[in-house]
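As structure tokens, the structure follows; a few thoughts come after it.
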Amino acid sequence: MAGDKPTVERRALVDLAVVLVCYSGVAALIAVLMYLVSGSGSAWLTFDADRFHAMAEVIIGGFRPYIDFVDPKPPLLFFMVSAMDLLAPAGSVDIIVMSGVNVLCAILIYWIGRSDYGNISGFSAGLLFLVAAVFVQGYFLFSEQFAVLFLIVAFMLAREDHFGASGLCLGLAMGFKQYAFLAIPALLFLARVKGSGRTGRYLEFLAAAIAVFACVFGALYLWYGPEATRSAINWTFGIAPSYLAGHLVEVPAYQPDNVLAFTANLLASLVMVLPTLLFAGTSVWRRGLRTDDEVAFGLAIIFFLLTLLIRQYLHYWILMLPFLALLACREFAVGSARESDESPRGSALRRLAGFAREVGSPAGKPGPEERPGGAPGKIVFAGPVTGAPPAPGGPRGRAGLIPYKGAGGTPGTLPEKGEETPSGQEEGEREEEEAPEGDEAGG
Numbered sequence: 002m003a004g005d006k007p008t009v010e011r012r013a014l015v016d017l018a019v020v021l022v023c024y025s026g027v028a029a030l031i032a033v034l035m036y037l038v039s040g041s042g043s044a045w046l047t048f049d050a051d052r053f054h055a056m057a058e059v060i061i062g063g064f065r066p067y068i069d070f071v072d073p074k075p076p077l078l079f080f081m082v083s084a085m086d087l088l089a090p091a092g093s094v095d096i097i098v099m100s101g102v103n104v105l106c107a108i109l110i111y112w113i114g115r116s117d118y119g120n121i122s123g124f125s126a127g128l129l130f131l132v133a134a135v136f137v138q139g140y141f142l143f144s145e146q147f148a149v150l151f152l153i154v155a156f157m158l159a160r161e162d163h164f165g166a167s168g169l170c171l172g173l174a175m176g177f178k179q180y181a182f183l184a185i186p187a188l189l190f191l192a193r194v195k196g197s198g199r200t201g202r203y204l205e206f207l208a209a210a211i212a213v214f215a216c217v218f219g220a221l222y223l224w225y226g227p228e229a230t231r232s233a234i235n236w237t238f239g240i241a242p243s244y245l246a247g248h249l250v251e252v253p254a255y256q257p258d259n260v261l262a263f264t265a266n267l268l269a270s271l272v273m274v275l276p277t278l279l280f281a282g283t284s285v286w287r288r289g290l291r292t293d294d295e296v297a298f299g300l301a302i303i304f305f306l307l308t309l310l311i312r313q314y315l316h317y318w319i320l321m322l323p324f325l326a327l328l329a330c331r332e333f334a335v336g337s338a339r340e341s342d343e344s345p346r347g348s349a350l351r352r353l354a355g356f357a358r359e360v361g362s363p364a365g366k367p368g369p370e371e372r373p374g375g376a377p378g379k380i381v382f383a384g385p386v387t388g389a390p391p392a393p394g395g396p397r398g399r400a401g402l403i404p405y406k407g408a409g410g411t412p413g414t415l416p417e418k419g420e421e422t423p424s425g426q427e428e429g430e431r432e433e434e435e436a437p438e439g440d441e442a443g444g
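As structure tokens, then:
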């Protein structure tokens, strides 16, 4: 009702505030413990972070980026690090900024999970992201964390049919990490299934993402001139073949030189995210990808996994970690979000065919369990009945864990709707026997 809406909104805001406090406390505790274990602040200055701050020093000093110092990352990342170094000594606030970014990501994950699966699933997914980020270098300064933040926002906007804004966020994510473009297939899938029939939604989405890049490199052109801009475009995109082949001399990066080393690196990185990966994979195996949003999450995971074929770096895992956390923690869903333990009719491949045509059964068409002569109904598990335990050998209520005894006394069969249990029949017979006595007394 209309009067209940403000109450619901206030409850949501209270829940959000409580979750924010919890997540902030967890992130702060993790950051402090990791800082103490490291022994000094210099341990937080990884090879990548050292190069990021070196580029920021070039920018702050008035020199030309991508000319006086080079690195194969997009310009938006270096502008962000330059702003950090203007506010505090280089490297001194890296852990604070990264913790803050992780908390923001966790809050957005919580909101998605709360919307789709309920408050418990949302909270668990955000908390899982915060904790699992420890094992994928999520509290060190890397470009991936900034990209993940904007990627999550892009998915949230696409879910609400705001594809222009989603494209802007994708462009911002790509401004921090080129690999963010691997989210395009998943977002285009959402544009296909949630596009409200607008034929220009694909163009709207892609044009917005390109516009962000045009603005970033346009600002670079106006401030540093055409030579720095051409070098920035080359170091952002043009060096991709050399980087993939491991022939980039200016920026050394580890790459396995044989299959054994590649396999060892891949297995080592898998071990660090094994619990999350295992829970998410088991959930998908058990329930499938039941909604369009879950199919989009699965697409994002698959495409981001391709980055591990290039480099088996731990921090690459954080690109897919939000989607893994959501799929893993949907097992805690309650209410209508968990009506069935079975996946819907049709495979995920059939649903992906929606890029070309509409798929699925027409609305209102009965499923196999609803058709005459169809498959038997699903087994539904419920919680135990509260209150005193039943007498030995007696039947339990419908929500109980002990099966009913059928009319023939066969255990393990549940009576159909409208069918009386033996105890119900006996009670009816007693009422019929008592009724004439009441009538005679009244006469």
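Residue numbers (our numbering): 2 to 444. Ideal placement from N, C-alpha and C gives every residue a C-beta, glycine not left out. Every value quoted in this text rests on a predicted model; they were computed, and no experiment measured them.
Element boundaries [alpha helix (DSSP H), containing residue i]
i: Q446; result: This structure leaves residue 446 out entirely; the chain is present only between 2 and 444.
i: A210; result: 202–225
i: L279; result: 275–288
i: V135; result: Careful: V135 lies outside any alpha helix (DSSP H) and carries neither H nor E.
i: A329; result: 322–330
i: Y118; result: 95–118
i: R65; result: Taken as a continuous stretch (DSSP letters only), R65 belongs to no alpha helix (DSSP H), as it is neither H nor E.
i: G176; result: 164–177
Residue i and residue j closer than 8 angstroms at C-beta
i: A233; j: Y67; result: yes
i: L109; j: M157; result: yes
i: D95; j: A50; result: yes
i: A212; j: L171; result: no
i: W224; j: D72; result: no
i: M81; j: F70; result: no
i: R287; j: S122; result: no
i: L290; j: G299; result: yes
i: T277; j: L129; result: yes
i: A32; j: S125; result: no
Residue i in three-state terms, based on DSSP
i: F70; result: strand
i: P75; result: coil
i: A334; result: coil
i: K195; result: helix
i: Y140; result: coil
i: T292; result: coil
i: A89; result: coil
i: I185; result: helix
i: Y244; result: helix
i: Y314; result: coil
i: T230; result: helix
i: A408; result: Low local confidence applies: a pLDDT of 43 at A408 is under 50, so the model's placement there is unreliable, with the coordinate-based value given in what follows. Coil at A408, not helix or strand.
i: T8; result: helix
i: L17; result: helix
i: T47; result: coil
Presumed contact (8 angstroms Cβ cut-off) between residue i and residue j, rounded CB distance
i: L322; j: A133; result: 6 angstroms
i: A107; j: Y24; result: 5 angstroms
i: F177; j: L77; result: 6 angstroms
i: E295; j: L328; result: 7 angstroms
i: V217; j: Q146; result: The Cβ separation is near 19 angstroms, so there is no contact.
i: I61; j: F79; result: At roughly 10 angstroms, the Cβ-Cβ gap does not stay under 8 angstroms, so I61 and F79 are not in contact.
i: A155; j: L188; result: 6 angstroms
i: E228; j: G168; result: The Cβ separation is near 30 angstroms, so there is no contact.
i: M175; j: F214; result: 7 angstroms
i: A297; j: F190; result: 5 angstroms
i: I111; j: V20; result: According to the sequence provided, residue 111 is Tyr. The question's Ile does not apply to it. About 5 angstroms separates the two Cβ atoms, so the contact holds.
i: D293; j: V194; result: 4 angstroms
i: F151; j: L131; result: About 18 angstroms separates the two Cβ atoms, so there is no contact after all.
i: L320; j: L267; result: Not confirmed; about 16 angstroms, so no contact.
Inter-stretch contact at 8 angstroms, needing at least 3 Cβ pairs: the stretch 130–140 / the stretch 313–331: Output reads yes: the stretch 313–331 touches the stretch 130–140.
Validate contact between the stretch 177–191 and the stretch 296–306 using beta carbons, cut 8 angstroms, 3 pairs: Contact check between the stretch 177–191 and the stretch 296–306: three or more CB pairs, one atom from each, fall below 8 angstroms, which counts as touching.
The stretch 163–171 / the stretch 114–131 touching (three or more Cβ pairs under 8 angstroms): Output reads no: the stretch 114–131 does not touch the stretch 163–171.
At least three beta-carbon pairs within less than 8 angstroms, the stretch 12–22 to the stretch 79–91: When Cβ pairs closer than 8 angstroms are counted between the two stretches, the stretch 12–22 is seen not to touch the stretch 79–91, the count staying below three.
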